[in-house]
Amino acid sequence: MATTAVTAEQHAATAQHHHEPGFIRTYVFSTDHKMIAKQFLLASLFFLLVGGLLAAGIRWQLGFPGQPMPLIGGLFSDTTAPGGIILPEFYNALVTMHGTFMIFFAIMPLLVGVWGNYLIPLQIGAPDMAFPRLNMASFWISVPAGVIMLAGFFVQGGHAGAGWTAYAPLSSEPEYSGVYMGQILWLISLTILGFSSLAGAVNYITTVINMRAPGMTWFRLPLPVWALFVTSWLVLLAIPILTGGLIMLLFDQTIGTGFFSAATDGEPLLWQHVFWYFGHPEVYILILPAMGLVSEVIANRSRKPIFGYHAMVLAIIAIAFLGWVVWGHHMFQSGMNPLLGTTFMITTIIIAVPSAIKVFNWLGTLWRGDLHFDVPMLNALSFVSMFVIGGLSGIFMASAPVDIFIHDTYYIVAHIHYVLFGGSLFGIFAAITYWFPKMFGRIFSPVLGKVHFWLTFVSYNLVFFPMHTIGLRGHMRRIYDPNQYEFLQPLQPINTFITIAAFVLIATQLIFAFAFFWSMYKGEKAPRNPWKANTLEWTAAPTPPPHLNFPGGAPVVYRGPYEYSWPGSTDDFLPQDLPPDRVSRTPIPSEPSPMSTGD
Amino acid sequence: MTTDASTLRSMMIPDPAYEPGMKVYTMKLGMWVFLLSEVMFFTSLIGSYVILRFAHPDHFAAPGVVLNVPLTAFNTFFLICSSVTMVKAFAAIQQGDDTGLKLWLLATILIGSLFVGIQAVEYYILYHEGFVPAAADYHAAGRQGMEGGPIVGGPLYGATFYTMTGFHGAHVTIGVICLTFVLIRALRGAYTQNDHRGVELIGLYWHFVDLVWIILFTIVYLI
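As you go down the protein sequences, you meet chains C and Z in turn.
Residue numbering for the first sequence follows the numbering used here, beginning at 6 and increasing consecutively.
Residue numbering for the second sequence follows the numbering used here, beginning at 6 and increasing consecutively.
And the structure:
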């Protein structure tokens, strides 16, 4: 096509102008947001694997307590798992580091680092981030953080064992947990990682505000951009709170200040307040981007405008605001004033409203849509359904009287995994398979993708649903050997069942890893716009997008991102950058259905 | 009916005339956004201080008993002066006065360094008076007290004092380093009347650090 030739020429011209960067500048110290997104993707998928393996250790101990681990049992040192039998101290480290790696090094970068980097410039029509070098720094700061976190496994005393929440004084006084170096490395690593998140957040916010293409009004932004933009504000404002807390805890450990130590009149409860004041916005950092990504997939794969675009945006903003006034619901059992607990209970339950708005809008989008059940759509639908289950159990926990009964049990574990795995991770799978053709120029294998999805979906539910049951029957959340209590002994068969299902779940992820790399090299070549999508990354940029994204200059935007099956057009989609005079039209029907988007 | 028609029309009207973005250049916007995160960082430290102080008033001495208020008042005055010189530097380059820019930048750097120097001396003296951050070693006798006299305040006083003022001092130090970098660029003629963004950016940071100090001086030394 003539236009393609022109853009290719223009691209060649720009490339000569910009001096084609060498290998190091292209693949290692790249300032290109797309390469940085891929770096984040590979790094965080690696940490997802690490977190999964740690979970396997936890599940082995709970499913087969006191038995030596098969196959790999001989690899462990005498201080962790002599002969393959996991020691209590090592179990603590496994639980702590599973949470830490999954939250800070897997899910958070998978959502914010990968999709913030990849989608924001492409979907708003910008050539790159506002600060490309800061963006590069954002990735390379996170690398030493990851290395330090991994190094903790190899120091004397083992890795941090105070849980991913690092409650003081367990975390602040080594004599309680027997861990000194591990906890310090944990604190240093997360402090460094905070700078990485901060650099990313400053970049995303500035880019979205200032670098949108002409015509890209706020309410023409695709929902992933909205979600990532709001999330970036949460990162920007919440991470420094954690950094402050981490530094105080680090000082307690190293120079002996007594911020969180009751022995010197410090306040152990202060740590919980500081941590959860960061921690609850963090929860929404971990789910909001997935909501945005899933909205895109569902609208596209239903070939319908997203139902209630403005309501979706306002719900994201409402959740982000409410996220700041609910942190106390993590602390109902901490001895907090019951009146304050009631306040936190009410604010927490209010969050169900914007969350429900989002769920009903997804259902409204699906309703009577032309549904395409391919891999991204399956994962996106799984996101919605699992998020509903996790959200409902969340309302139980938000009620202080119920929480008094179920706090610190496996019910909590079930809830967090329904929202974080069933929610966020399925959202991530949907996003990876949906944007895979854009990233790598090839389609993510539909067969392997579906095999992976169904096995994951089934085994995932077999792992986490029974946890509700054992939680209600009193199974503690972080216990090395539940069989020490007589009333928990009857639950052992369920625990064994969960463990077997968990191993299936983890093994299934190897299918994903294989499918990922197989599709990258051997997958079917992707056409330019395989999903017939409207957003700029498909319609205005070649696949894969070159350096500076849009060879013809910034695209001009004429309409909102979800104009599917528009009654005035012969095609079932209207690209955001298609000039109105080039829309092939059928006669406008006398009673057109109202559109939800477009200003 | 009218809503439908207007919705349709609005969809068909091209809107390339809409120029997105705030009317402020990207670097400046980025600096504002970054400073918001700095606000939250100091909020976490100051908030913790407020909570600890309300919970344990006995750990904190009356103003001027342990801390040397007159010395720090002078230091605060110097830091405010450095904000004035920073403004003068920015005003100079806005007029295209290259020499003025360099001189006022140099003045800002010198006063900023003086602030950090006086803070270091203050730390040194306080530390040797037994006002230390480590809880186990805290034995501040107070300004009027004799060595070995009754211990004034408690360990939370030392811990919060050094953490808050220390992180502020670190910010001033980073500011001085960045100012030096800006000065070197200014000496090479990097800034003109039309484009002096670097000066404005470091100015924003510098005023922020100054503002934080005014809050810290008030709540740590005066109240």
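Glycine is no exception: its CB is placed at the ideal position from the N, C-alpha and C atoms.
Taking Cβ to Cβ, would you say residue i is nearer than 8 Å to residue j?
{"i": "V463 of chain C", "j": "P381 of chain C", "result": "no"}
{"i": "A204 of chain C", "j": "S266 of chain C", "result": "no"}
{"i": "A206 of chain C", "j": "V119 of chain C", "result": "no"}
{"i": "R202 of chain Z", "j": "Y30 of chain Z", "result": "yes"}
{"i": "I2 of chain Z", "j": "P68 of chain Z", "result": "An answer regarding residue 2 of chain Z cannot be provided, because it is not within the stretch 6 to 228 covered by chain Z."}
{"i": "V225 of chain Z", "j": "G147 of chain Z", "result": "no"}
{"i": "I516 of chain C", "j": "H457 of chain C", "result": "yes"}
{"i": "Q428 of chain C", "j": "A295 of chain C", "result": "The sequence as given places Gly at residue 428 of chain C; Gln does not occur at that position. Yes, they are a contact pair."}
{"i": "G263 of chain C", "j": "G271 of chain C", "result": "yes"}
{"i": "Y143 of chain Z", "j": "V137 of chain Z", "result": "yes"}
{"i": "Y172 of chain C", "j": "Q277 of chain C", "result": "yes"}
{"i": "V184 of chain C", "j": "G163 of chain C", "result": "yes"}
{"i": "G35 of chain Z", "j": "F136 of chain C", "result": "yes"}
{"i": "P580 of chain C", "j": "T548 of chain C", "result": "no"}
What three-state label does DSSP hand residue i in the structure shown?
{"i": "R587 of chain C", "result": "helix"}
{"i": "T513 of chain C", "result": "helix"}
{"i": "M481 of chain C", "result": "strand"}
{"i": "D20 of chain Z", "result": "Note on D20 of chain Z: pLDDT 46, under 50, position unreliable in the model; no value is reported."}
{"i": "T9 of chain C", "result": "Below a pLDDT of 50, predicted positions are generally treated as unreliable, and T9 of chain C, at 40, falls in that range; the measurement from the model is reported next regardless. Helix."}
{"i": "T414 of chain C", "result": "strand"}
{"i": "H473 of chain C", "result": "helix"}
{"i": "F5 of chain C", "result": "Residue 5 of chain C falls outside the range modelled here, since chain C spans only 6 to 604, and no answer is possible."}
{"i": "S598 of chain C", "result": "Per-residue confidence for S598 of chain C stands at a pLDDT of 49, beneath the threshold of 50, marking its modelled position as unreliable; the derived number appears in the next sentence. Coil at S598 of chain C, not helix or strand."}
{"i": "T90 of chain Z", "result": "helix"}
{"i": "S307 of chain C", "result": "helix"}
{"i": "H61 of chain Z", "result": "coil"}
{"i": "H552 of chain C", "result": "coil"}
{"i": "Q15 of chain C", "result": "Its pLDDT being 44, under 50, Q15 of chain C is placed unreliably by the model, and the measurement read from it follows with that caveat. Q15 of chain C falls in the helix class under three-state DSSP."}
{"i": "H164 of chain C", "result": "strand"}
{"i": "R447 of chain C", "result": "strand"}
{"i": "K530 of chain C", "result": "strand"}
{"i": "S574 of chain C", "result": "strand"}
{"i": "V71 of chain Z", "result": "coil"}
{"i": "S53 of chain Z", "result": "helix"}
{"i": "D582 of chain C", "result": "coil"}
{"i": "Q436 of chain C", "result": "The displayed chain sequence assigns Ala, not Gln, to residue 436 of chain C. Correct three-state label for A436 of chain C: helix."}
{"i": "K39 of chain C", "result": "helix"}
Taking the alpha carbon of residue i as the point to measure from, which residue in the options has its own alpha carbon closest?
{"i": "A512 of chain C", "options": "C:N554, C:Y465, C:Y485", "result": "C:Y465"}
{"i": "Q72 of chain C", "options": "C:I90, C:R64, C:L59", "result": "C:I90"}
{"i": "G159 of chain Z", "options": "Z:K93, Z:A139, Z:I85", "result": "Z:A139"}
{"i": "P495 of chain C", "options": "C:G479, C:Y485, C:T211", "result": "C:G479"}
{"i": "V217 of chain Z", "options": "Z:N73, Z:A175, Z:G35", "result": "Z:A175"}
{"i": "H444 of chain C", "options": "C:L139, C:L155, C:P535, C:I108", "result": "According to the sequence displayed, residue 444 of chain C carries Met and not His. The shortest C-alpha separation from M444 of chain C is found at C:P535."}
{"i": "G528 of chain C", "options": "C:A507, C:W332, C:I448, C:F136", "result": "C:I448"}
{"i": "F69 of chain C", "options": "C:P560, C:V509, C:L553, C:P498", "result": "C:P498"}
{"i": "L247 of chain C", "options": "Z:T168, Z:L50, Z:M91", "result": "Z:L50"}
{"i": "V330 of chain C", "options": "C:L345, C:P471, C:T352, C:L198", "result": "C:T352"}
{"i": "T105 of chain C", "options": "C:I77, C:I153, C:L67, C:W65", "result": "C:I153"}
{"i": "M45 of chain Z", "options": "C:V240, C:P273, C:I411, C:F51", "result": "C:V240"}
{"i": "A218 of chain C", "options": "C:L155, C:I129, C:L139", "result": "C:I129"}
{"i": "G171 of chain Z", "options": "C:W191, C:V509, C:L116, C:F256", "result": "C:F256"}
{"i": "L67 of chain C", "options": "C:N215, C:Y485, C:F441, C:Q258", "result": "C:Y485"}
Could you spell out the range, first to last residue, of the alpha helix (DSSP H) harbouring residue i?
{"i": "D215 of chain Z", "result": "202 to 221"}
{"i": "T348 of chain C", "result": "343 to 355"}
{"i": "W145 of chain C", "result": "137 to 156"}
{"i": "N208 of chain C", "result": "186 to 215"}
{"i": "E568 of chain C", "result": "That residue, E568 of chain C, is in no alpha helix (DSSP H); it is neither H nor E in DSSP."}
{"i": "S339 of chain C", "result": "Where S339 of chain C is concerned, there is no enclosing alpha helix (DSSP H), given that its DSSP letter is neither H nor E."}
{"i": "T269 of chain C", "result": "No alpha helix (DSSP H) holds T269 of chain C; DSSP gives it neither H nor E."}
{"i": "Y30 of chain Z", "result": "Y30 of chain Z -> no alpha helix (DSSP H), and no H or E assigned at all."}
Between residue i and the ligand ATP, is there a pair consisting of the residue's CB and a ligand heavy atom that are separated by less than 7 Å?
{"i": "R64 of chain C", "result": "Within the structure as shown, the ligand ATP is missing, as the structure has no ligands at all."}
Compile a chain-ordered list of the residues in the stretch 197 to 208 of chain C whose CB is closer than 8 Å to at least one CB of chain Z. L203, A206, V207, N208
- Task: May I ask you to list, following chain order, the residues of the stretch 23 to 37 of chain Z that have a beta carbon less than 7 Å from some beta carbon of chain C?
- Result: Y23, E24, P25, G26, M27, T31, L34, G35
Report the residues of the stretch 270 to 283 of chain C with a CB closer than 7 Å to any CB of chain Z, ordered along the chain. D270, G271, E272, L275, V279
Worksheet item: Using a beta-carbon distance cut-off of less than 9 Å, what residues from the stretch 246 to 273 of chain C approach chain Z?
Response: I246, L247, T248, G249, G250, I252, M253, F256, D257, I260, G261, T262, G263, F264, S266, A268, T269, D270, G271, E272
If you measure beta-carbon to beta-carbon, which residues of the stretch 234 to 245 of chain C are closer than 8 Å to chain Z? L241, L242, A243, I244, P245
Practice problem: Please name the residues in the stretch 128 to 145 of chain C whose beta-carbon is closer than 7 Å to at least one beta-carbon of chain Z, in chain order. | Solution: A135, F136
(Q) Any C-beta of chain Z within less than 9 Å: which residues of the stretch 215 to 232 of chain C qualify? (A) N215, M216, R217, A218, P219, G220, M221, T222, W223, R225
Note down, in chain order, all residues in the stretch 160 to 175 of chain Z with a beta-carbon under 9 Å from any beta-carbon belonging to chain C. P160, L161, G163, A164, T165, Y167, T168, F172
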